[in-house]
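What follows is a short report on a single structure.
Protein chains: 2
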Amino acid sequence: MRISELSRRSGAPVTTLKYYLREGLVHEGERRSGNQTDYDESHVQRVRLVRALLETGGLSIAAAKRVLATLDSHDRSMADTFEAAQHAMTDARPHHEASVAARTRVTALADAQGWRTTPDNPGFDLAARVLDDFAAIGYEPSDAYLDAYAAAADRIARADLAALTDRDTPALTAELMVVGTVVGDALIAGLRRLAHQEATAELFPVPGASHATQRKDLS
Amino acid sequence: MRISELSRRSGAPVTTLKYYLREGLVHEGERRSGNQTDYDESHVQRVRLVRALLETGGLSIAAAKRVLATLDSHDRSMADTFEAAQHAMTDARPHHEASVAARTRVTALADAQGWRTTPDNPGFDLAARVLDDFAAIGYEPSDAYLDAYAAAADRIARADLAALTDRDTPALTAELMVVGTVVGDALIAGLRRLAHQEATAELFPVPGASHATQRKDLS
Chain Y
1 MRISELSRRS
11 GAPVTTLKYY
21 LREGLVHEGE
31 RRSGNQTDYD
41 ESHVQRVRLV
51 RALLETGGLS
61 IAAAKRVLAT
71 LDSHDRSMAD
81 TFEAAQHAMT
91 DARPHHEASV
101 AARTRVTALA
111 DAQGWRTTPD
121 NPGFDLAARV
131 LDDFAAIGYE
141 PSDAYLDAYA
151 AAADRIARAD
161 LAALTDRDTP
171 ALTAELMVVG
181 TVVGDALIAG
191 LRRLAHQEAT
201 AELFPVPGAS
211 HATQRKDLS
Chain D
1001 MRISELSRRS
1011 GAPVTTLKYY
1021 LREGLVHEGE
1031 RRSGNQTDYD
1041 ESHVQRVRLV
1051 RALLETGGLS
1061 IAAAKRVLAT
1071 LDSHDRSMAD
1081 TFEAAQHAMT
1091 DARPHHEASV
1101 AARTRVTALA
1111 DAQGWRTTPD
1121 NPGFDLAARV
1131 LDDFAAIGYE
1141 PSDAYLDAYA
1151 AAADRIARAD
1161 LAALTDRDTP
1171 ALTAELMVVG
1181 TVVGDALIAG
1191 LRRLAHQEAT
1201 AELFPVPGAS
1211 HATQRKDLS
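Residue numbers (our numbering), protein chains in the order written: chain Y, 1 to 219; chain D, 1001 to 1219.
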């Protein structure tokens, strides 16, 4: 197919496709006579994958390249693919180091869940920095708060892994692992916002107003 | 205190502080004689808050400004503050619109949880785009998968709201609401990475290797 058809099929504008090709995020098509280049089904899938990583996952171009390189190398174990995807996703954020106290508390939380982890798992620093951010505004989360988060994380991680067993080939499994690692953060973030609206209505009801009318439009 | 002391107390380099001041993310200090400017405890707290939003939350400067403006206006209800924080956090990502089919499925999921929501909640589009991203790689999540995510979201949203009741004043409650909305995404993302390592070891054990030795170093 031509690039216009690839654009239609993938939903990405032609200028975006040319950018992906120039950056090496998508493999080149086959050169035909004259100026023409031919793309196939593999390009449609790759463009959709790249958009998922960049737009839904919010990854930088550099981080997306690292994730795609992981996917394109076929000599890795599943555990290694997961680890590489996690690092690429997490290292994209600029950050200060978490405090020792915060890391210690996250480690205790992970141990209490019975999780077998390695100290270089980027989740330690990501979660520990949140505890430092809370401390900076004078808030110390209770054990009940952190236990609720850990139990929720355990539940969705098991659902993530169960989903992988539905895929027919190792390549498809690895693809879902990478995409799921990235977009799963957005899925739980989106659902959390919906659940917040319910929980807020329960905790801070506006007296005399029904739910449908108590909202003010912020536009 | 001088800016050097503000830097030490907040952990932010002086050049970063000057940038925050220039961008209006932090309020000006009090001018003393000569070139000297005096900062106080309110500046330490504000700088820590800004760092939490930018670094842990990954917000852009523009999005952080919107969140801070919400915090600085005291005439809003708690529900409005939450809504403004959610919009500021979610609108920061570039995105394509979710498909109608995906939005319909997320709406059904929210309804099944009994959540009272409004259609403009940004969580709908955020979660629905994930379903579109999955569809793009030929994966359709099962009901069990989505139910696990929704149940997890419900659990952490209740923990988030319960935490708010621990704060002594409405201003402190609003501050935790805003910070918690932003950094809570990072907390569940971090713990999910830790839980993934456990779930991966369970689902894809490497025969003959103990957990401690089956990892390859990716550095």
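Note that the Cβ used here is the ideal one computed from N, Cα and C, for glycine as well.
Nearest neighbour of residue i, chosen from the options [CA to CA]
{"i": "GLY1180 of chain D", "options": "D:ALA1063, D:GLY1057 and D:ALA1110", "result": "D:GLY1057"}
{"i": "VAL1130 of chain D", "options": "Y:ALA148, Y:TYR149, Y:ARG32 and Y:ARG51", "result": "Y:ARG51"}
{"i": "ILE137 of chain Y", "options": "D:ALA1064, D:GLY1034 and D:GLN1045", "result": "D:GLN1045"}
{"i": "ALA1085 of chain D", "options": "D:GLU1198, D:ALA1199 and D:GLY1184", "result": "D:GLY1184"}
{"i": "ALA144 of chain Y", "options": "Y:ALA112, Y:SER7, Y:ALA63 and Y:SER10", "result": "Y:ALA112"}
{"i": "SER99 of chain Y", "options": "Y:ALA127, Y:ILE61, Y:ALA163 and Y:LEU172", "result": "Y:ALA127"}
{"i": "ASP1132 of chain D", "options": "D:THR1104, D:TYR1039 and D:ALA1110", "result": "D:THR1104"}
{"i": "ASP40 of chain Y", "options": "Y:LEU49, Y:GLY34, Y:LYS18 and Y:GLY29", "result": "Y:GLY29"}
{"i": "ALA120 of chain Y", "options": "Y:ARG32, Y:GLU83 and Y:HIS43", "result": "For the sequence presented, residue 120 of chain Y should be read as Asp rather than Ala. Here the closest residue by C-alpha is Y:GLU83."}
{"i": "THR1173 of chain D", "options": "D:LEU1071, D:LYS1018, D:GLY1190 and D:GLY1123", "result": "D:LEU1071"}
{"i": "ARG1032 of chain D", "options": "D:MET1001, D:ARG1022 and D:GLY1024", "result": "D:MET1001"}
{"i": "TYR1149 of chain D", "options": "Y:PRO141, Y:LEU161, Y:SER142 and Y:LEU146", "result": "Y:LEU161"}
{"i": "VAL1067 of chain D", "options": "D:LEU1176, D:GLY1190, D:ASP1125 and D:ALA1199", "result": "D:LEU1176"}
{"i": "HIS27 of chain Y", "options": "Y:GLY34, Y:ASN35 and Y:LYS18", "result": "Y:LYS18"}
{"i": "PHE1124 of chain D", "options": "D:GLU1097, D:ARG1008 and D:ALA1152", "result": "D:GLU1097"}
{"i": "ASN1035 of chain D", "options": "D:THR1081, D:ILE1003 and D:ALA1152", "result": "D:ILE1003"}
{"i": "LYS199 of chain Y", "options": "D:SER1142, D:THR1165 and D:ARG1008", "result": "Note on identity: in this sequence residue 199 of chain Y is Ala, with Lys being the wrong assignment. It is D:THR1165."}
{"i": "ALA1152 of chain D", "options": "D:LEU1109, D:THR1016 and D:VAL1178", "result": "D:LEU1109"}
Cross-chain neighbours of residue i in chain D, by beta carbon under 8 Å
{"i": "ARG116 of chain Y", "result": "GLN1197, GLU1198, ALA1201 and HIS1211"}
{"i": "VAL130 of chain Y", "result": "THR1056, VAL1183, GLY1184, ALA1186, LEU1187 and GLY1190"}
{"i": "PRO141 of chain Y", "result": "ALA1163"}
Alpha helix (DSSP H) segment containing residue i, residue limits
{"i": "TYR1149 of chain D", "result": "1143–1164"}
{"i": "LEU49 of chain Y", "result": "41–51"}
{"i": "PHE134 of chain Y", "result": "122–136"}
{"i": "ARG1009 of chain D", "result": "1003–1010"}
{"i": "LEU109 of chain Y", "result": "100–112"}
{"i": "LEU1054 of chain D", "result": "Run containing LEU1054 of chain D: none; DSSP gives neither H nor E here."}
{"i": "ARG32 of chain Y", "result": "First-last for ARG32 of chain Y: undefined, no H or E at that position."}
{"i": "ASP72 of chain Y", "result": "61–72"}
{"i": "TYR19 of chain Y", "result": "14–23"}
Rounded straight-line distance, which links the Cα of residue j to that of residue i
{"i": "VAL1047 of chain D", "j": "ARG1167 of chain D", "result": "20 Å"}
{"i": "LEU1054 of chain D", "j": "ALA1012 of chain D", "result": "12 Å"}
{"i": "ALA69 of chain Y", "j": "VAL1014 of chain D", "result": "38 Å"}
{"i": "TYR1280 of chain D", "j": "ALA1102 of chain D", "result": "Here chain D covers residues 1001 to 1219 and nothing more, so residue 1280 of chain D does not appear."}
{"i": "ALA1079 of chain D", "j": "ARG1158 of chain D", "result": "15 Å"}
{"i": "THR213 of chain Y", "j": "ALA201 of chain Y", "result": "Per-residue confidence for THR213 of chain Y stands at a pLDDT of 38, beneath the threshold of 50, marking its modelled position as unreliable; no derived number is given."}
{"i": "THR37 of chain Y", "j": "SER10 of chain Y", "result": "17 Å"}
{"i": "TYR1020 of chain D", "j": "ALA1163 of chain D", "result": "29 Å"}
{"i": "ARG1022 of chain D", "j": "THR1117 of chain D", "result": "38 Å"}
{"i": "ALA64 of chain Y", "j": "ILE1061 of chain D", "result": "23 Å"}
{"i": "ASP154 of chain Y", "j": "LEU1025 of chain D", "result": "36 Å"}
{"i": "LYS1216 of chain D", "j": "LEU59 of chain Y", "result": "Since pLDDT at LYS1216 of chain D reaches only 39, below the 50 mark, its modelled position is unreliable, and no value is offered."}
{"i": "HIS211 of chain Y", "j": "SER1077 of chain D", "result": "For HIS211 of chain Y, the pLDDT reaches just 45, beneath the cut-off of 50, and the residue's location in the model is therefore unreliable, leaving the point undetermined."}
{"i": "ALA1186 of chain D", "j": "ALA189 of chain Y", "result": "9 Å"}
{"i": "LEU1006 of chain D", "j": "PHE134 of chain Y", "result": "19 Å"}
{"i": "THR1147 of chain D", "j": "THR1169 of chain D", "result": "The identity of residue 1147 of chain D in the sequence shown is Asp, whereas the question assumes Thr. ASP1147 of chain D and THR1169 of chain D: Cα-Cα distance of roughly 36 Å."}
{"i": "ILE156 of chain Y", "j": "HIS1043 of chain D", "result": "39 Å"}
{"i": "VAL182 of chain Y", "j": "HIS1087 of chain D", "result": "21 Å"}
{"i": "ALA209 of chain Y", "j": "SER1073 of chain D", "result": "The pLDDT assigned to ALA209 of chain Y is 48, lower than 50, so where the model puts this residue is not dependable; a value taken from the coordinates is nonetheless given after this. Distance between the alpha carbons of ALA209 of chain Y and SER1073 of chain D: 22 Å."}
{"i": "SER1219 of chain D", "j": "SER1142 of chain D", "result": "At SER1219 of chain D, the pLDDT of 37 sits below 50, so the modelled position is not reliable; the number obtained from the coordinates is stated separately. One C-alpha to the other measures close to 36 Å."}
{"i": "THR81 of chain Y", "j": "THR1107 of chain D", "result": "33 Å"}
{"i": "SER16 of chain Y", "j": "PRO122 of chain Y", "result": "A quick correction: the sequence has Thr, not Ser, at residue 16 of chain Y. Cα to Cα, the separation comes out at about 31 Å."}
Residues that residue i contacts on chain D, provided the C-beta gap is smaller than 7 Å
{"i": "TYR149 of chain Y", "result": "ILE1156, ALA1159, LEU1187, ILE1188 and LEU1191"}
{"i": "GLU175 of chain Y", "result": "ILE1137"}
Partners in chain Y for residue i, counting only beta-carbon separations shorter than 8 Å
{"i": "ARG1283 of chain D", "result": "What is shown of chain D runs 1001 to 1219, which leaves residue 1283 of chain D out entirely."}
{"i": "PRO1122 of chain D", "result": "GLY190 and ARG193"}
{"i": "GLY1024 of chain D", "result": "Correct list: empty, because the minimum Cβ distance to chain Y is about 20 Å."}
{"i": "PRO1119 of chain D", "result": "Near PRO1119 of chain D there are no residues of chain Y at all, since even the closest Cβ is about 11 Å away, more than 8 Å."}
{"i": "ALA1112 of chain D", "result": "The premise fails here: ALA1112 of chain D is roughly 12 Å from chain Y at the closest Cβ pair, so nothing lies under 8 Å."}
Under 9 Å by beta carbon: chain D residues contacting residue i
{"i": "ALA63 of chain Y", "result": "Per Cβ cutoff of 9 Å: no residues; ALA63 of chain Y is ~12 Å from chain D at best."}
{"i": "PRO13 of chain Y", "result": "Those within 9 Å of PRO13 of chain Y in chain D number zero; the least Cβ separation is about 11 Å."}
Neighbour list for residue i in chain Y, Cβ cutoff strictly below 9 Å
{"i": "GLN1086 of chain D", "result": "ARG193, HIS196 and GLN197"}
{"i": "GLN978 of chain D", "result": "Absent from the model: residue 978 of chain D. The displayed extent of chain D is 1001 to 1219, so no value can be given."}
{"i": "ALA1101 of chain D", "result": "Under the 9 Å cutoff, chain Y gives no residues; its nearest Cβ is about 14 Å from ALA1101 of chain D."}
{"i": "ALA1108 of chain D", "result": "In chain order: nothing, as chain Y lies at least about 12 Å away."}
Interface partners of residue i on chain Y, CB under 7 Å
{"i": "ALA1069 of chain D", "result": "Result: empty, since nearest Cβ-Cβ is about 12 Å, beyond 7 Å."}
Contact with chain C by residue i, beta-carbon distance below 8 Å
{"i": "SER1073 of chain D", "result": "This model lacks chain C altogether; the protein chains it does include are Y and D."}
Worksheet item: Is there contact between the stretch 1110–1125 of chain D and the stretch 184–196 of chain Y, where contact requires at least three CB pairs shorter than 8 Å?
Response: yes
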